[in-house]
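Here's the structure we're looking at; comments come further down.
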Amino acid sequence: MFSACADPKNIEGLQWLLCYLTTGKHIDFYWSFLTVLALLAITAPAALVFGFGGAMAARSHVTPLRLLGKAYTAMVRGVPDIVFFMFFVIALDQGIEWLRHQVVCPDWSEPIRRGLEFRVCPQAKTPSGDAAAWVHQTYGFALAVFTFALVFGAFAANVLYGAMNAVPRAQLETAESYGMSQGQVFRRILVPQMWVYALPGLSNLWMILIKATPLLFLLGVRDIVYWARELGGAKTQIYDFPHPDWRLYYFLFLMVAYLFMTWASEKVLARIGRRLSHGQATAAGEAQRRAAA
Amino acid sequence: MSCFQTIADYGLRSLGIGERLLPRSDFTLCQQFTLIGSGMIWNLYFGVLALTFGFFFSNALALGKAARNPWIRKPAEWFIFIFRGSPLFIQFFLAYAALVMLPRGGVDLFGMNIPTGWMTSAWAGAAFVLFLNTSAYAGEIFHGALMSVPKGDLEAADAYGISGWQKFRRIQWPTMLRLAWPAYTNEAIFLFHATTLVFFSGFPAFQQRGDALYYANYFADKTFNPFIPYPIVGFYFILLTLAVIGVFALVNRRLNRHLPSNVRAKIRLRPQVIR
């Protein structure tokens, strides 16, 4: 990167460190923090949408839909989330290829599952075999994001379902007695009021989501954990910057980064909580009113 | 090969007892059930060990966080913040990287040689990390409960002349446990769930002796069919979750036995404390 770094074997001390920390691979490492942030930025709203759908389904009057919603909210309670991560990534991948296979080559005669193989026709491979490396990486990332959204959607559905039930029943009955339809009651009364009850659970979920991002590494995405392991491992003299096993320091750095993220989120969420409780008939809202008076 | 034979061969495979080689082809449903069930031994081991020791340490942490003396309070607060604020996954990696750096030949202390090699193996290192982690989470739960012990109870204790250790032992501590128990049940369940991370983080599985998810992943990799092994893991974990709820409900009943039935705390399973 810098011209002074052209010959790393002959530099020492602080300059060596500076050159070392600005190698191409380290720049990739820094960029991979954006991967994590992108995951958070996409997953959080997507999970909210899934969760909202799940909670609505669980409250539905249509029995099959309600059962589906209940099953979705219940699935994360008994089974470790990481099992879902491992499962969905392969299952989604195979499901997409299977669907494309049915569409692209309908007259393929051989069975797809043969013994220990899962083989679709070459045109149905996703992404196609000759695709560029970045296509493969983006596809992997997209699968991971979808899986995260699905699993965290189930957590969010739990929270939102509880929050919808926490809205005082009298509020809804009043709205009904004014002649509002079910949809109107839902849109005008239930949804605006439920957020204050949902906020503690959702902030908890946000923290959990931050702390779940290292699982990206397990799903084969080149995230910060991947780079920390890659860069921290011992480097022999054939490398430009030989060093012993420094993984401990890289992971310490990651840990501090995560602590900072959770600490900062806690501050922001506390502020949102104060704002949402303003004027609400809850203990926190009452405390604010008293402090002002 | 009969299913009974498979169970005899692979039932204790995760401990290194029985057949050495894992099945490589012609995977039967029986093999998958047996091996994954065998892996559950590790999940049970990690969970039970961490919970048992973590219970005592988390009580100490809760008291530490509630202490007036900053020399006690600050370390407890920082410990809880660090372990609750960072991902368990990173904690495993960090612990492994740190333990590997210990000298190979052991540490010489006062003329005694303390071997260090065993610390990098999962049964010791990962169990220790899980112990610290669950202590931090449970410590926060117990601290919250300690802060919500009703004021009237404490005033009543003062009025009866109960103070100091007796007040803690007979009034504060039982009430704290009773208030914290539903949340602590959740913590226990999600601790068991967290044990599946051990062999996917820094700690390697020695001679393919892994936990339930490790074997499920093995089968999914070999058969390219995730639809059988992962649901089996799910099945085992649902059983485990039900067992945990059952045991903790017994304790909950004992903690609440003096209360009228309508004010007893119920255990509601809420996913709140996964890591």
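Chains as they are written, first to last, in the numbering used here: chain B, 6 to 298; chain G, 39 to 313.
For every residue, glycine included, the Cβ atom is placed at its ideal position computed from N, Cα and C.
Discussion item. Assess contact between the segment 155–175 of chain G and the segment 84–101 of chain G, defined as three or more Cβ pairs (one per stretch) separated by less than 8 Å. Is contact present?
Written reply: yes
Worksheet item: With a CB to CB cut of under 7 Å and the five nearest residues on each side skipped, what residues in its chain are close to L235 (chain G)?
Response: Working through the second sequence from its first residue, we reach residue 235 (chain G) at position 197. L126, F127, F130, listed in sequence order.
Worksheet item: Which residues in the same chain as F153 (chain B) place their Cβ atom closer than 6 Å to its Cβ, once the five residues preceding and following it in sequence are excluded?
Response: Indexing the first sequence from 1 puts residue 153 (chain B) at position 148. Non-local C-beta neighbours of F153 (chain B) in its own chain, meaning closer than 6 Å and more than five positions away in sequence, comprise T48, ordered along the chain.
Practice prompt. Could you check the C-alpha separation between L97 (chain B) and P173 (chain B) for me, to the nearest Å?
Written response: Reading the first sequence from its first residue, position 92 is the one you call residue 97 (chain B). Reading the first sequence from its first residue, position 168 is the one you call residue 173 (chain B). Taking the straight line from one Cα to the other gives about 40 Å.
Worksheet entry | Beta-carbon contacts of Q99 (chain B) that lie in its chain and below 8 Å, excluding the five residues immediately before and after | For the purposes of this step, residue 99 (chain B) is identified with residue 94 of the first sequence, where counting begins at 1. If we look at Q99 (chain B) and ignore the five residues flanking it on each side, its Cβ neighbours are F123.
Practice prompt. Count the other C-beta atoms from every protein chain shown that fall within 10 angstroms of the C-beta of G134 (chain B), then say buried if there are 16 or more, exposed otherwise.
Written response: Indexing the first sequence from 1 puts residue 134 (chain B) at position 129. Counting Cβ neighbours within 10 Å, G134 (chain B) comes out exposed, since fewer than 16 surround it.
Item to complete: Might you give, ordered along the chain, the residues of its own chain that have their beta carbon closer than 7 Å to the beta carbon of R208 (chain G), omitting 5 neighbours on each side?
Response: If you number the second sequence from 1, residue 208 (chain G) lands on position 170. The answer, listed in chain order, is I200.
Worksheet item: Okay, do the segment 67–79 of chain G and the segment 202–218 of chain G touch, 3+ Cβ pairs below 8 Å being the bar?
Response: Because the criterion of three Cβ pairs below 8 Å is not met, the segment 67–79 of chain G and the segment 202–218 of chain G do not touch.
Worksheet entry | the segment 227–253 of chain G: positions lying closer than 7 Å to chain B by Cβ | H231, T234, L235, F238, L251
Practice prompt. Below 7 Å CB to CB, which residues in the same chain sit around F244 (chain G) once its five sequence neighbours on both sides are set aside?
Written response: For the purposes of this step, residue 244 (chain G) is taken as residue 206 along the second sequence, with counting starting at 1. S159.
Worksheet item: At least one CB of chain B closer than 8 Å to the CB of L67 (chain G): is that the case?
Response: By one-based count along the second sequence, residue 67 (chain G) stands at place 29. No, L67 (chain G) lies away from the interface with chain B (no Cβ there is under 8 Å from its Cβ).
Worksheet item: Roughly how many whole angstroms lie between the Cα atoms of A175 (chain B) and G240 (chain G)?
Response: Position 170 of the first sequence holds residue 175 (chain B). Position 202 of the second sequence holds residue 240 (chain G). Taking the straight line joining both Cα atoms gives about 53 Å.
Worksheet item: Name the DSSP bridge partner or partners of N151 (chain G)?
Response: The residue labelled residue 151 (chain G) in the question sits at position 113 within the second sequence. Beta-bridge pairing links N151 (chain G) to G:D146.
Worksheet item: From the DSSP output, which residues share a beta bridge with H248 (chain B)?
Response: Looking up residue 248 (chain B) in the first sequence gives position 243. According to DSSP, which records beta bridges pairwise, H248 (chain B) is partnered with B:K240.
Worksheet item: Cβ of A88 (chain G) within 8 Å of Cβ of A165 (chain G)?
Response: As a first step, residue 88 (chain G) must be located in the second sequence, where it is residue number 50. As a first step, residue 165 (chain G) must be located in the second sequence, where it is residue number 127. Yes, they are a contact pair.
Worksheet item: Name the DSSP beta bridge partners of R119 (chain B), please?
Response: Taking the first sequence and counting its residues from 1, one reaches residue 119 (chain B) at position 114. Paired residue(s): B:E122.
Fill in: Contacting residues, own chain, Cβ-Cβ under 7 Å from L220 (chain B) (five flanking each side not counted)
By one-based count along the first sequence, residue 220 (chain B) stands at place 215. Around L220 (chain B): I87, F90.
Worksheet item: Closest to L155 (chain B) by CA distance: which of B:S114, B:M199, B:V94, B:A203 is it?
Response: For the purposes of this step, residue 155 (chain B) is taken as the residue at position 150 of the first sequence. Among B:S114, B:M199, B:V94, B:A203, the Cα nearest to that of L155 (chain B) belongs to B:V94.
Worksheet item: Quick one: is F151 (chain B) near chain G, going by C-beta distance under 8 Å?
Response: Within the first sequence, the letter at position 146 stands for residue 151 (chain B). Judged by the 8 Å Cβ criterion, F151 (chain B) is not in contact with chain G.
Worksheet item: Applying a beta-carbon distance threshold of less than 8 Å, which residues of chain C neighbour M91 (chain B)?
Response: Of the chains in the structure shown, none is chain C; the protein chains are B and G.
Worksheet item: At which residues does the alpha helix (DSSP H) containing L300 (chain B) begin and terminate?
Response: This structure does not reach residue 300 (chain B), given that chain B is present from 6 up to 298, and the question cannot be answered.
Worksheet item: If we count the other Cβ atoms within 10 Å of its Cβ and call it buried at 16 or more, is I55 (chain G) buried or exposed?
Response: In the second sequence, residue 55 (chain G) corresponds to position 17, counting from 1. Classification for I55 (chain G): exposed.
Discussion item. Just to confirm the assignment: which complete alpha helix (DSSP H) runs, minimum length 4, are found wholly within the segment 156–234 of chain G?
Written reply: 160–185, 189–197, 202–205, 211–232
Discussion item. Please report the straight-line C-alpha distance between L204 (chain B) and R276 (chain B), rounded to a whole angstrom.
Written reply: The residue given as residue 204 (chain B) occupies position 199 in the first sequence. The residue given as residue 276 (chain B) occupies position 271 in the first sequence. Answer to the nearest angstrom: the Cα atoms are 11 Å apart.
Worksheet entry | Any alpha helix (DSSP H) of 4 or more consecutive residues that is wholly inside the segment 98–150 of chain G | For the segment 98–150 of chain G, whole alpha helix (DSSP H) runs of length 4 or above, ordered along the chain, are 108–123, 126–138.
Item to complete: Sort G:T154, G:I283, G:A114, G:V145 by Cα distance to S173 (chain G) and report the nearest one.
Response: Position 135 of the second sequence holds residue 173 (chain G). Nearest option by C-alpha distance: G:A114.
Item to complete: Evaluate G59 (chain B) with the Cβ neighbour count: other Cβ atoms within 10 Å of its Cβ, from every protein chain shown; 16 or more gives buried, anything less gives exposed.
Response: Position 54 of the first sequence, counted from the start, is the residue given in the question as residue 59 (chain B). By the neighbour-count rule (16 or more Cβ atoms within 10 Å), G59 (chain B) is buried.
Practice prompt. Just the C-alpha distance for P85 (chain B) and F237 (chain G), rounded to the nearest angstrom, thanks.
Written response: Start at 1 with the first residue of the first sequence, and residue 85 (chain B) comes out as number 80. Start at 1 with the first residue of the second sequence, and residue 237 (chain G) comes out as number 199. Roughly 14 Å between the two C-alpha positions.
Worksheet item: Mind checking S124 (chain G): buried by the 16 CB within 10 Å criterion, or exposed?
Response: Along the second sequence, read from residue 1 onward, the residue named residue 124 (chain G) stands at position 86. Counting Cβ neighbours within 10 Å, S124 (chain G) comes out buried, since at least 16 surround it.
Worksheet item: Nearest-angstrom Cα distance between L70 (chain B) and A63 (chain B)?
Response: Stepping through the first sequence from its first residue, residue 70 (chain B) is reached at position 65. Stepping through the first sequence from its first residue, residue 63 (chain B) is reached at position 58. Answer to the nearest angstrom: the Cα atoms are 7 Å apart.
Item to complete: Below 9 Å between beta carbons is the criterion; list the residues of the segment 213–229 of chain B that meet it against any residue of chain G, in chain order.
Response: Answer set for the segment 213–229 of chain B: I213, I215, K216, A217, T218, P219, L220, F222, L223.
Discussion item. Going by beta-carbon coordinates alone, are Y263 (chain B) and A233 (chain B) separated by less than 8 Å?
Written reply: Stepping through the first sequence from its first residue, residue 263 (chain B) is reached at position 258. Stepping through the first sequence from its first residue, residue 233 (chain B) is reached at position 228. One thing to note: Y263 (chain B) has its Cβ no nearer than 8 Å to the Cβ of A233 (chain B).
Worksheet entry | Rounded separation between S40 (chain G) and T241 (chain B) - CA only | Within the second sequence, the letter at position 2 stands for residue 40 (chain G). Within the first sequence, the letter at position 236 stands for residue 241 (chain B). Whole-angstrom Cα-Cα distance: 52 Å.
Practice prompt. Select from B:R294, B:G225, B:V226 the residue whose C-alpha is nearest the C-alpha of R280 (chain B).
Written response: Numbered from its first residue, the first sequence carries residue 280 (chain B) at position 275. If we check each option's Cα against that of R280 (chain B), B:R294 comes out closest.
Fill in: Cβ-based burial, V150 (chain B) [other Cβ within 10 Å; buried from 16]
Here residue 150 (chain B) corresponds to residue number 145 of the first sequence, with the count starting at 1. Classification of V150 (chain B): buried, given that the 10 Å Cβ count is 16 or more.
Practice prompt. Just the C-alpha distance for R193 (chain B) and A180 (chain B), rounded to the nearest angstrom, thanks.
Written response: For this step, residue 193 (chain B) is matched to residue 188 along the first sequence. For this step, residue 180 (chain B) is matched to residue 175 along the first sequence. Roughly 9 Å separates the two Cα atoms.
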